[in-house]
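In our numbering, the protein residues as written are 256 to 662.
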């Protein structure tokens, strides 16, 4: 056959779903309302969406507030044609194309890494730029969402790109196409690696054109490889790649010198600072008001997991290695026993120290830390006696194992 069986089935089904989604104004209105609320919770006042009037919305119409400003397409035209009159008007509105470019990338990263959904169609006719570089998104007919595994994959791709690890980027990128059809994986990996190699050279060269330093040629090359080997790609992945490509190219068109990788790292620093603030706030609340019901549920889960881990470690410690004498030597068997013992002791110590810390906090000892709780457990005579007994039992088993005759 010319086309791999099942290759067009995904395309037809997802095209059908996309067309229906574009015509579902109820869903589009909900996406717009969610995007607007999440944008406000992000505590960045430079992007939003128009306010809706749900009482006037229906199956065939969406009613929203009037938004004034200039289209992003107009800003791009003024920058690319160097229209002096238009640029002067833009400056009077306190709009800086370079600031708009950085904010576009920030919203792109926010949609992928922090928001529940992201705008999957950020072309210039769907963006309004207001005075002071404020962005207003419209037309929420095409939205996307990333699973946690996809987020981890994309984070890894960005991190490995900075380290110039071509092999790592190639293998991780292949997971975006899972589940894979029956193909020659090595040939596909080699083709993807060649695409990324060309892209890496272009992004590192000072002589490259601005468009060569974006993710456009990387993702377009990735699409060519999937087309060449007839590998179907989920529409969620296509939307994610398309949105990333559009955001990158729009930003680069506004500012030819922008460093897309640097903007990603800057966003991650902001995200890290926000996460730090949230964690510190929760810790302060626990110290002031005590543990919540959800905390106790989590502690119960940790205890159950710890019991299961100790049971598995105990099974490993008591594994009768005599049956594997033909496969492993006595030294390997003894080493396995020793490692199992160490793992069991470390796990038990960590669990008991954590429980001791919680107990002390509940008693009002707010100044005690994890290190103090750990030292208190290690210095406990009962703990030391149990460790000594476990070591003696392990030594005894090792001694008998060394005396076994190999069959």
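Every residue gets a Cβ at the ideal spot worked out from N, C-alpha and C, and that includes glycine.
Since the model is a prediction, treat every value here as computed from it, not as a measurement.
Buried or exposed (CB count within 10 angstroms, at least 16 for buried), residue i
i           : result
residue 630 : exposed
residue 475 : exposed
residue 714 : With the chain covering only 256 through 662, there is no way to say anything about residue 714.
residue 388 : buried
residue 327 : buried
residue 357 : buried
residue 366 : buried
residue 321 : exposed
residue 515 : buried
residue 628 : buried
residue 560 : exposed
residue 451 : buried
residue 494 : buried
residue 477 : buried
residue 435 : exposed
residue 409 : buried
residue 579 : Caution is warranted here: a pLDDT of 45 is assigned to residue 579, below 50, making its placement in the model unreliable, and no coordinate value can be reported.
residue 432 : buried
residue 640 : exposed
residue 537 : exposed
Test: residue i CB closer than 8 Å to a CB of chain D
i           : result
residue 537 : Note that chain D does not occur in the displayed structure, where there is just one protein chain.
Top-ranked residue by Cα proximity to residue i, from the options
i           : options               : result
residue 413 : 520, 627, 595 and 628 : 520
residue 323 : 383, 284, 379 and 548 : 383
residue 396 : 638, 534 and 279      : 279
residue 430 : 407, 451, 449 and 417 : 407
residue 374 : 291, 472 and 484      : 291
residue 439 : 480, 340 and 365      : 480
residue 471 : 501, 536 and 560      : 501
residue 351 : 592, 424 and 509      : 509
residue 465 : 598, 335 and 377      : 335
residue 359 : 377, 544, 296 and 469 : 377
residue 347 : 362, 325 and 316      : 325
residue 473 : 289, 449 and 364      : 449
residue 483 : 420, 442, 463 and 555 : 442
residue 567 : 541, 538, 555 and 595 : 595
residue 603 : 640, 589 and 565      : 565
residue 518 : 597, 364 and 457      : 364
residue 496 : 639, 398 and 349      : 398
residue 487 : 316, 437, 421 and 551 : 437
residue 615 : 639, 598 and 542      : 542
Backbone CA spacing between residue i and residue j [nearest angstrom]
i           : j           : result
residue 446 : residue 298 : 42 Å
residue 576 : residue 444 : Bear in mind that the predicted position of residue 576 carries a pLDDT of just 47, short of 50, making it too unreliable to give a figure here.
residue 283 : residue 633 : 59 Å
residue 385 : residue 354 : 12 Å
residue 369 : residue 637 : 47 Å
residue 339 : residue 333 : 8 Å
residue 563 : residue 644 : 21 Å
residue 642 : residue 529 : 42 Å
residue 652 : residue 532 : 50 Å
residue 318 : residue 612 : 56 Å
residue 525 : residue 650 : 52 Å
residue 485 : residue 405 : 22 Å
residue 601 : residue 548 : 28 Å
residue 371 : residue 400 : 6 Å
residue 424 : residue 455 : 11 Å
residue 306 : residue 492 : 29 Å
residue 381 : residue 390 : 10 Å
residue 411 : residue 647 : 45 Å
residue 592 : residue 610 : 27 Å
residue 312 : residue 281 : 8 Å
residue 557 : residue 626 : 20 Å
residue 349 : residue 513 : 20 Å
residue 427 : residue 420 : 11 Å
residue 553 : residue 289 : 29 Å
residue 303 : residue 344 : 23 Å
residue 581 : residue 605 : Unreliable placement is indicated for residue 581, whose pLDDT of 45 sits below 50; no coordinate value is reported for it.
residue 506 : residue 523 : 18 Å
residue 287 : residue 331 : 25 Å
residue 527 : residue 310 : 39 Å
Secondary structure of residue i, DSSP reduced to three states
i           : result
residue 489 : coil
residue 462 : coil
residue 302 : strand
residue 644 : helix
residue 289 : helix
residue 325 : strand
Could you tell me which uninterrupted beta strand (DSSP E) segments, each at least 3 residues in length, are contained entirely in the stretch 533-561, listed from first to last along the chain?
none
Scan the stretch 370-445 and note each continuous alpha helix (DSSP H) run of 4 residues or more that stays entirely inside, going in chain order.
403-418 and 421-429
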